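Under the working numbering, think of the first position of the sequence shown as 1, with each following residue one higher.
Every residue gets a Cβ at the ideal spot worked out from N, C-alpha and C, and that includes glycine.
Note that the structure is a prediction, hence the values are computed from the model and not measured.
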Amino acid sequence: MIRQEEDYILSLIDQLQKIVASILKKNAVEEKEKIIASVDEGLGILKFSIQELKENNIEDIISQYPNTELLYQLRLLMNKYLEADNDVEIRKKEKQLKDHIEKTTKTCLFSDFYADV
Numbered sequence: 001m002i003r004q005e006e007d008y009i010l011s012l013i014d015q016l017q018k019i020v021a022s023i024l025k026k027n028a029v030e031e032k033e034k035i036i037a038s039v040d041e042g043l044g045i046l047k048f049s050i051q052e053l054k055e056n057n058i059e060d061i062i063s064q065y066p067n068t069e070l071l072y073q074l075r076l077l078m079n080k081y082l083e084a085d086n087d088v089e090i091r092k093k094e095k096q097l098k099d100h101i102e103k104t105t106k107t108c109l110f111s112d113f114y115a116d117v
């Protein structure tokens, strides 16, 4: 059962990485509609839509996908969407997601041990 969940998460990550890579190659000014459609396709893999991102709390979104890599891919999709459509609500949630990812993936730097010396 656990192995199946891991395989499922890995397949989601792989699918999202491919979509994000294709989106990153697109020029936001020239291809706004294509970018939004691709972002929507990527969100569909996670069973989300742009409208649901706007309506749901970021905590609810994070709780559905506790895997950091999936959240990172979601953030990339949100960033690309923001290049095509500067939506205030999505920008706010992207910032919250960024803060969450940074907080949960924080690593201890060697220099931190000597910060007070």
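* Going by CA-CA distance only, name the one from 34, 89 and 105 that's closest to residue 72. => 105
* Asked: Should residue 84 go down as buried or exposed, given a rule of 16 or more other Cβ atoms within 10 Å for buried?
  -> buried
* Asked: Along the chain, where does the alpha helix (DSSP H) that runs through residue 71 open and close?
  -> 68–84
* Can the beta-carbon of residue 97 be found less than 9 Å from the beta-carbon of residue 74? -> yes
* Asked: To the nearest angstrom, how far is it from the Cα of residue 6 to the Cα of residue 16?
  -> 15 Å
* Asked: Taking residue 100 as the reference, which of 61, 81 and 80 has the closest Cα?
  -> 61
* **Coil, strand or helix - residue 8 by DSSP** => helix
* Asked: So residue 119 is in the alpha helix (DSSP H); what residue range does that whole segment cover?
  -> Nothing can be reported for residue 119, as the shown portion of the chain is limited to 1 through 117.
* To do: Taking all protein chains shown into account, decide if residue 81 is buried (16 or more other Cβ within 10 angstroms of its Cβ) or exposed.
  => buried
* residue 77 and residue 44 look like a contact to me (Cβ under 8 Å); what is the Cβ gap, rounded to whole Å? -> Incorrect: roughly 10 Å between the Cβ atoms, too far for contact.
* Asked: Where residue 52 and residue 88 are concerned, what is the direct C-alpha to C-alpha distance, given to the nearest angstrom?
  -> 14 Å
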